[in-house]
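Per my numbering, residue 395 is the first one in the sequence shown, and the count goes up by one each step. Cβ atoms here follow ideal geometry from the backbone N, Cα and C, with glycine treated the same way. What follows is a set of notes on a single structure, which appears directly below.
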Amino acid sequence: MKELICLGIETTAHTFGIGIVTEKGKVLANCKKAYTTEKGGIIPYHLFEHHTNVATEVLKDALKIAGVKIDEIGLISYSNAPGLGNALRVGAFVARYLAGKNKIPLVGVNHCIAHLEIGRLLTKAKDPVMLYASGANTQIIGYEAGKYRIFGETLDIGVGNFLDSFARHVGLGFPGGPKVEELAKKYVSNYNNENKSKNKNIKSSSQPPLIELPYSVKGMDVAFGGLLTNLKQKFDSGRFSKEELCYSVQETVFAMLVEVSERAMAHTGKNELLLGGGVACNKRLQEMCRRMCEERGAKFFVPENQFLIDNGAMIAWNGILAFKGNGHKGIKIENADIKPYERTDEVLVEWR
Ligand code: AMP
Ligand code: MG
Numbered sequence: 395m396k397e398l399i400c401l402g403i404e405t406t407a408h409t410f411g412i413g414i415v416t417e418k419g420k421v422l423a424n425c426k427k428a429y430t431t432e433k434g435g436i437i438p439y440h441l442f443e444h445h446t447n448v449a450t451e452v453l454k455d456a457l458k459i460a461g462v463k464i465d466e467i468g469l470i471s472y473s474n475a476p477g478l479g480n481a482l483r484v485g486a487f488v489a490r491y492l493a494g495k496n497k498i499p500l501v502g503v504n505h506c507i508a509h510l511e512i513g514r515l516l517t518k519a520k521d522p523v524m525l526y527a528s529g530a531n532t533q534i535i536g537y538e539a540g541k542y543r544i545f546g547e548t549l550d551i552g553v554g555n556f557l558d559s560f561a562r563h564v565g566l567g568f569p570g571g572p573k574v575e576e577l578a579k580k581y582v583s584n585y586n587n588e589n590k591s592k593n594k595n596i597k598s599s600s601q602p603p604l605i606e607l608p609y610s611v612k613g614m615d616v617a618f619g620g621l622l623t624n625l626k627q628k629f630d631s632g633r634f635s636k637e638e639l640c641y642s643v644q645e646t647v648f649a650m651l652v653e654v655s656e657r658a659m660a661h662t663g664k665n666e667l668l669l670g671g672g673v674a675c676n677k678r679l680q681e682m683c684r685r686m687c688e689e690r691g692a693k694f695f696v697p698e699n700q701f702l703i704d705n706g707a708m709i710a711w712n713g714i715l716a717f718k719g720n721g722h723k724g725i726k727i728e729n730a731d732i733k734p735y736e737r738t739d740e741v742l743v744e745w746r
């Protein structure tokens, strides 16, 4: 029998992505175009237009890079949840069209779970706790009794949106996360260079003192709203530089995320931590997670950046898992709906 090849479509937020993945987990293509703005956040109607405009081009690119024709695709999957209605609708429409026209089975996939499954595929993590740190989502997820359970999460905004809002306030533009990382790094290296020039005997690097910021962990959950207000006030007071705030904000919020991740690992007895989501590209967050895992004798996994940010490959791979897990049953075209508010723990995981 020919190997199943799935074409997965990702459109939960800013990214229109198409990935093509084989049943054995080989990624043949992972193409995307992302919506960006010069100033301000996502405008839903513009997002709808963006995804509609780039769909054909991304599809053509993905098929060309994968070296397959549409009639060699055995399954279409699309991210049906959670996300922005205007974005999700484009993916669902393209999926319906491709599946209907070419008579290909169709499945819907939950975006958060897809992040976890592509991480498991690529890093060989078996049963990890995942710290999913993205723009809109911040969740600590782990498998238990047929579902991916949320052991902790943000009570207000996602950590990425939080970093973006702070960055926008201090004039760094969107997306802000990478710029915050860059300035924080610069601040640490300037601090060390100054120390070294004052005292030639200092060889090793050290961490600069922190500006005290609200540290908001509530049980297993985290919150960023109060911290954002506090940071804006501090910046507006003129007493603190952008760089030192970027450094302190990273140290504070990543410590919050590491704390709840570690507690989830301790409670569940799982000894693997996997990172997912755009904020997981941050090297300082990776370093803090790695160190926590080393200290408790656990394994730490992080996929390469193209699979941390939103991508079509993860939707394709999760499509294959879901399709095989349910006995190769696709959904009817007319049932290919979207679920903007579906939670990770509402999905029955039939493939594990
Ligand atoms: P996602 O929603 O998973 O596609 O991730 C997008 C979010 O990741 C945005 O909020 C970005 O600011 C954030 N992000 C991307 N790269 C980094 C980074 N190096 N450090 C912190 N945040 C980042
Ligand atoms: Mg995501």
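- Look at R543 here: in three-state DSSP terms it is strand.
- Residue ranges of uninterrupted beta strand (DSSP E) with 3 or more members are absent from the stretch 550–634; none lies entirely inside it.
- Burial check for R514: the Cβ neighbour count within 10 Å reaches 16 or more, so the residue is buried.
- Here the alpha carbons of N720 and V743 stand approximately 9 Å from one another.
- Take the alpha-carbon of K592 and the one of S635: they are about 22 Å apart.
- By the Cβ test, the stretch 550–558 is in contact with the stretch 525–542, since at least three Cβ pairs between them sit closer than 8 Å.
- In this structure P603 is exposed. Its beta-carbon is surrounded by fewer than 16 other beta-carbon atoms within 10 angstroms.
- In this chain, C675 is not harboured by any alpha helix (DSSP H), its DSSP state being neither H nor E.
- Counting of Cβ neighbours within 10 angstroms places P438 among the exposed residues, the total staying below 16.
- I436 counts as buried, since no fewer than 16 other beta carbons sit within 10 angstroms of its beta carbon.
- Rounded to the nearest whole angstrom, the CA to CA distance from D558 to D455 is 30 Å.
- Apart from the 5 residues on each side of it in sequence, I596 sits with its Cβ closer than 6 Å to the Cβ of N589 and K590 in its chain, given in chain order.
- Under the three-state reduction of DSSP output, G485 falls in the helix class.
- G413 carries a strand assignment under DSSP once its states are collapsed to helix, strand and coil.
- When only Cα atoms are considered, G713 and E740 end up about 17 Å apart.
- At a Cβ-Cβ threshold of 9 Å, A481 and G502 do not count as neighbours.
- For M395, the number of other beta carbons within 10 angstroms of its own is below 16, and it is reported as exposed.
- The chain-ordered list of residues whose CB is nearer than 6 Å to some heavy atom of the ligand MG reads H505, H509, S528, G671 and D704.
- Nearest Cα to V484 within the set W711, E404 and E681: E404.
- Looking at the DSSP output, S471 sits in a beta bridge with G402 and V501.
- Taking a cut-off of 8 Å for Cβ pairs, the stretch 729–736 and the stretch 694–713 do not touch, as fewer than three such pairs fall below it.
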